[in-house]
Amino acid sequence: MTMLKEGRPTAPVTVKDAHMAPATATGNRALMLEEALIFEIGSTDTTGVDFAPAPKLATRLGGLARGAIGLPGLSEQETVRHYTRLSRQNYAIDLGLFPLGSCTMKHNPRLNEKVARMPGFADLHPLAPQSTVQGALAVIHELAEWLVTLTGMHAVAMSPKAGAHGELCGLLAIRSALEARGDVRSVVLVPESAHGTNPATAAFCGYKVEDIPATPEGRVDLAALTARLGPDVAAVMITNPNTCGLFERDLKTISDAVHAAGAFVYCDGANFNAIVGRVRPGDLGVDAMHINLHKTFSTPHGGGGPGSGPVVLSEALAPYAPLPFVERQGDRFVLIEEELAEDHHAGTFGRMVAFHGQMGMFTRALAYILSHGADGLRQVAEDAVLNANYILRSLDDVLDAPFGGSGPCMHEALFSDKGLADGFTTLDIAKGLIDEGFHPMTMYFPLVVHGAMLVEPTETESKAALDQFIMALRSLAQRAKAGDEALKGAPYHAPRRRLDETLAARKPVLTWEAPTLAQAAE
7 MTMLKEGRPT
17 APVTVKDAHM
27 APATATGNRA
37 LMLEEALIFE
47 IGSTDTTGVD
57 FAPAPKLATR
67 LGGLARGAIG
77 LPGLSEQETV
87 RHYTRLSRQN
97 YAIDLGLFPL
107 GSCTMKHNPR
117 LNEKVARMPG
127 FADLHPLAPQ
137 STVQGALAVI
147 HELAEWLVTL
157 TGMHAVAMSP
167 KAGAHGELCG
177 LLAIRSALEA
187 RGDVRSVVLV
197 PESAHGTNPA
207 TAAFCGYKVE
217 DIPATPEGRV
227 DLAALTARLG
237 PDVAAVMITN
247 PNTCGLFERD
257 LKTISDAVHA
267 AGAFVYCDGA
277 NFNAIVGRVR
287 PGDLGVDAMH
297 INLHKTFSTP
307 HGGGGPGSGP
317 VVLSEALAPY
327 APLPFVERQG
337 DRFVLIEEEL
347 AEDHHAGTFG
357 RMVAFHGQMG
367 MFTRALAYIL
377 SHGADGLRQV
387 AEDAVLNANY
397 ILRSLDDVLD
407 APFGGSGPCM
417 HEALFSDKGL
427 ADGFTTLDIA
437 KGLIDEGFHP
447 MTMYFPLVVH
457 GAMLVEPTET
467 ESKAALDQFI
477 MALRSLAQRA
487 KAGDEALKGA
497 PYHAPRRRLD
507 ETLAARKPVL
517 TWEAPTLAQA
527 AE
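Mapping to my numbering: the sequence shown position 42 is 48, numbers consecutive.
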């Protein structure tokens, strides 16, 4: 061993088994700090600041006594440290590749954030006079024009707040169109390869939902769909590209058959990221489609919102679009609301939100579109498809790709648990990915594939990042196929070990309760 003249070793001592390292007195592991609950840090009997005793004044609560609120008292420094430590235990797109299939967790360019924080956008009030917010209305109008152009549709409703909210908007427009012609229909057809929110939205609207099976290659069974069409079918809700990561090649034929039966085509546009600039859904006969701005146009994703799910509409559905919407009248922009709707939009089914949509999402999405341009948006789709196929073909020799023979995938690669050793599951591979420093891919979805692993790399990942992820997933697949029992205990290096997920789902403990102190016997 090399030593300094003071006798201090200059090389680390090799520990035979890293997991046998002695536990620390604090429970911390270097920069991985063990964090207690905020109630365990502070006391509910104190506050984080000192107040002088309140004067004895007559209460104005009308006899309603106010008891202790039960919040822990922490200083500002303790509070900041607590939440900062917790934030360091989160995974984020700014830390590494986020391979959640179907979610399109792409990088959010900081340019978009700067634009959204510009004065005049960030501090708008929804009730400001329209004459004072002409710039904001111009942004909404320009973004709407881009969305209509990119999709080949006739109009767009900007106010829906999310994808599922957009689905509701589209179905309400379809129902209004049917009612306007005196046609009462009760059934919505949903293929097995569609997103799970589609049947839920249809049921919420009061429709009976019927499934349409998929072919062995993972696409809609055209024969089964056309055989089911009839006078009771209001719409078909189809996801394209679908949840198996495949483009529905028969969509134009499907649309023609649906229209011939007097029904409408709703397309789930959650995966528009894979075809933006390449395919216009309107050319394929789509009547309504929501666009998740976070997935295709890189507005923030996750954290509970805010979200945005504009809905583009065909000429047949445009008269029934919800209020409000922005209209250009000469050199000014006007927000068309109820008091103006009777003039030229009397067929609207009403409004879905209190105000006009999410301004911060609109500015971010428009900044993204303008910074890319038409050619850049086309490259977005091409790179997303390229990256997904690179992952699919780099791993299909160690992981089963059930639709790998159905042609190139689109934006995501789909694998199954077929071929893993007995007793090993998709969950084991996902937990192993945590130890490798990655957020797990989407698991057990879509339901048409047993033990599904749905991986979406997005277009913003470099080849170096993809190679590292492929190396990690390949290693885990090989371990699972070889029956490496250590994999069943993963993760080992995360802040918490593997939970009993069934128990956590069925009996969650979501609130803190003060421990009951044992009373000493008298």
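From the three backbone atoms N, C-alpha and C, an ideal C-beta is built for every residue, glycine too.
By the 10 Å Cβ neighbour count, where 16 or more other Cβ atoms means buried, how is Met124 classified, buried or exposed?
exposed
In three-state DSSP terms, what is His296?
strand
Simplified DSSP state of Arg191, which is helix, strand or coil:
Arg191 falls in the coil class under three-state DSSP.
Of the choices Thr157, Arg384, Met159, Met164, whose alpha-carbon is the least far from that of Ala144?
Met164
Going along the chain, which residues of its own chain have a beta-carbon closer than 8 Å to the beta-carbon of Pro497, five neighbours each way excluded?
Lys437, Gly438, Ile440, Asp441, Arg503, Arg504
Between Gly48, Pro105, Tyr89, which has its C-alpha nearest Gly76's C-alpha?
It is Gly48.
Any idea if Asp473 is buried or exposed, counting beta-carbon neighbours within 10 angstroms, 16 or more meaning buried?
exposed
At the level of alpha carbons, what is the spacing between Arg87 and Ala42?
Rounded to the nearest angstrom, the gap between the Cα atoms of Arg87 and Ala42 is 11 Å.
Rounding to the nearest angstrom, what Cα-Cα distance links Thr302 and Val282 in this structure?
Take the alpha-carbon of Thr302 and the one of Val282: they are about 8 Å apart.
Less than 7 Å separating the Cβ of Pro59 from some heavy atom of the ligand SAH?
Questions concerning the ligand SAH fall outside what the structure shown contains, since it holds no ligand whatsoever.
Please classify Glu254 as buried or exposed, where buried requires at least 16 neighbouring CB atoms within 10 angstroms.
By the 10 Å Cβ count, Glu254 comes out buried.
Give the secondary structure of Thr90 by DSSP, where H, G and I count as helix, E and B as strand, and everything else as coil.
In the structure shown, Thr90 sits in a helix (DSSP, three-state: H, G or I).
Quick check for students: name the residue ranges of the alpha helix (DSSP H) that lie wholly in the segment 60 to 111, counting only runs of 4 or more.
82 to 93
To test your reading of the DSSP string, which unbroken alpha helix (DSSP H) runs of 4 or more residues are found completely within the segment 307 to 353?
Runs of the alpha helix (DSSP H) lying entirely within the segment 307 to 353, each at least 4 residues long, are 344 to 350 in chain order.
CB contact flag (Val139, Ala150, <8 Å)
no
Using the three-state DSSP reduction, which class does Cys175 fall into: helix, strand or coil?
helix
If we count the other Cβ atoms within 10 Å of its Cβ and call it buried at 16 or more, is Glu465 buried or exposed?
buried
Straight-line CA distance for Ala394 to Ser304?
18 Å
Find the nearest neighbour of Phe127 within the set His456, Thr369, Asp293, judged by alpha-carbon distance.
Among His456, Thr369, Asp293, the Cα nearest to that of Phe127 is on Thr369.
Taking the C-alpha atoms as reference points, what is the distance between Gln136 and Pro78?
45 Å
Between which two residues does the alpha helix (DSSP H) holding Leu460 run?
Premise fails: Leu460 lies in the beta strand (DSSP E), 459 to 461, not in any alpha helix (DSSP H).
Between which two residues does the alpha helix (DSSP H) containing Glu119 stretch?
116 to 122
Closest to Lys214 by C-alpha separation, out of Ala220, Thr221, Ala206, would be which residue?
In terms of CA proximity to Lys214, Ala206 leads the group Ala220, Thr221, Ala206.
Would Pro501 and Met111 qualify as a contact pair, given that the criterion is a beta-carbon distance under 8 Å?
no
Spatial neighbours of Ala322 within its chain, please: C-beta separation below 7 Å, excluding the five flanking residues on both sides.
Ala183, Asp293
Suppose the cutoff is 6 Å on Cβ atoms and the five residues either side in sequence are ignored; what does the same chain contact list for Met295 look like?
Cβ neighbours of Met295 beyond the five flanking positions: Cys273, Gly275, Pro287, Val318.
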